[in-house]
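Residue numbers (UniProt numbering): 1 to 308.
Backbone N, C-alpha and C fix where the C-beta goes; we use that ideal spot for every residue, glycine too.
What follows is a short report on a single structure.
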């Protein structure tokens with residue numbers, strides 16, 4: 001039998017709001033309460049716990065102690081689980097999904113993948129709030145394993161066994177070429193035909209190393225003229241004739257940010273393919289909200305040439 005810890009969900013919700021906003025006034029505004037009520041709630045929570053979870057400074061607002069940061073992570077997960085318990089218990093009554101998802105996404109994928117998911121989620125599940133964290137895969141894995149995000153979307157490259165993943169869609173390897181490149185008019189391009197040309201390397205982990213491994217397998221030693229973590233800078237440099245680029249996700253326009261023509265062509269033969277996956281820690285029951293995101297991402301990928 002589990003004893004009553006004396007802590008309420010309302011207290012946890014208010015502490016999380018303070019952590020997210022950095023102050024009692026902002027937290028109170030988001031919760032439609034008074035700052036004094038929120039401050040008293042957090043003070044009572046600290047009394048029950050027997051340790052301080054906040055540091056209150058007039059000039060800097062409210063920050064979390066190390067204990068407070070860990071407590072907020074667990075509290076956030078507890079509220080998510082409680083919301084899921086209610087939703088799953090009421091599935092036969094078609095209860096709408098509610099709650100917040102903090103989703104990590106590999107930065108180069110975010111502009112295309114997340115925008116569509118965000119739009120679809122707002123339409124299909126308006127009670128769900130989506131928050132996005134963009135980073136490279138190494139950072140995202142750390143975030144999801146330490147509960148800073150609920151799940152991550154990234155390529156299935158060099159992921160640790162601690163993650164459970166499901167495929168959202170598969171992406172075929174592509175090259176970006178300047179509009180006046182001799183191969184721009186072809187339907188597909190062999191990497192061997194670009195072997196002697198300069199490469200603008202998209203070097204956001206794990207993309208850079210993955211690109212180099214693909215070229216090594218084909219016996220190609222690339223001449224790298226520039227490395228960048230920014231997908232659009234890569235395309236802009238390609239549009240200026242600096243070299244070619246390699247990537248898996250397609251684009252919806254054949255113009256760079258500067259308005260210069262940049263074409264995207266699949267690589268032939270088309271056996272180079274990477275899975276884009278949704279991942280979360282093994283042994284963790286994934287919330288229905290996250291499963292809904294996976295379903296929407298798959299559906300949007302099936303209907304768009306950009307993802308193929």
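- For residue 68, the number of other beta carbons within 10 angstroms of its own is at least 16, and it is reported as buried.
- If you draw a 10 Å sphere on the C-beta of residue 76, you find 16 or more other C-beta atoms in it, and that means buried.
- For secondary structure counted as the alpha helix (DSSP H) over 4 or more consecutive residues, the UniProt domain "HTH lysR-type" (7-65) holds these complete runs in sequence order: 9-21, 24-31, 35-49.
- Counted as a single uninterrupted DSSP element, the alpha helix (DSSP H) harbouring residue 137 occupies residues 137-145.
- Excluding the 5 residues flanking it on each side, residue 241 has same chain C-beta neighbours closer than 7 Å at 178, in chain order.
- Shown here for residue 251: same chain residues with a beta carbon closer than 6 Å to its own, the five before and five after excluded, namely 264 in chain order.
- With contacts defined by Cβ atoms closer than 8 Å, residue 301 and residue 168 form a contacting pair.
- In the displayed model, residue 290 falls within a helix according to three-state DSSP.
- With a cut-off of 8 Å on Cβ pairs, the region 221-232 is not in contact with the region 284-293, counting fewer than three such pairs.
- Residue 175 has its alpha-carbon roughly 14 Å from the corresponding atom of residue 212.
- Nearest to residue 47 by C-alpha distance, out of 223, 82, 11, is 11.
- Counting every other CB atom within 10 Å of its CB across the protein chains shown gives residue 119 a total below 16, marking it as exposed.
- Following the DSSP letters along the chain, one finds residue 211 in no beta strand (DSSP E) but inside the alpha helix (DSSP H) bounded by residues 207-217.
- Counting only runs that start and end inside the region 225-255, the alpha helix (DSSP H) elements of at least 4 residues fall at 231-239.
- Short of 7 Å from the beta carbon of residue 117, and not among the five residues preceding or following it, lie these beta carbons of its own chain, in chain order: 293, 296, 297, 300.
- Under the criterion of beta carbons closer than 8 Å, residue 150 and residue 201 do not qualify as touching, at roughly 32 Å.
- If you compare the alpha carbons of 73, 50, 33 with that of residue 16, the shortest gap goes to 73.
- Residue 227 and residue 23 have their alpha carbons spaced roughly 41 Å apart.
- Taken through DSSP and simplified to helix, strand or coil, residue 265 comes out as strand.
- Check the Cα spacing between residue 56 and each of 49, 64, 50: the tightest is with 64.
- Residue 154 and residue 109 have their C-alpha atoms roughly 7 Å apart.
- Within the same chain, and ignoring the five residues on either side of residue 136 in sequence, the residues whose Cβ sits closer than 6 Å to its Cβ are 204, 205.
- Under the DSSP assignment, residue 114 falls in the alpha helix (DSSP H) whose first and last residues are 110-124.
- By the neighbour-count definition (other C-beta atoms within 10 Å, threshold 16), residue 161 is an exposed residue.
- A residue is called buried when at least 16 other Cβ atoms come within 10 angstroms of its Cβ; residue 32 does not meet this threshold and is exposed.
- When the five nearest sequence neighbours on each side are left out, the beta carbons in the same chain lying within less than 6 Å of the beta carbon of residue 195 are those of 220, in order along the chain.
- By the CB criterion at 8 Å, residue 97 and residue 128 fall inside the cutoff.
- Your pair residue 261 and residue 239 checks out as a contact, with CB atoms roughly 7 Å apart and the cut at 8 Å.
- Take residue 14, set aside five residues on each side of it, and the residues of its chain with a beta-carbon closer than 6 Å to its own are 38, 41, in chain order.
- In terms of Cα proximity to residue 107, the closest of 27, 49, 132 is 132.
- Rounded to the nearest angstrom, the Cβ distance from residue 236 to residue 257 is 6 Å, consistent with a contact under 8 Å.
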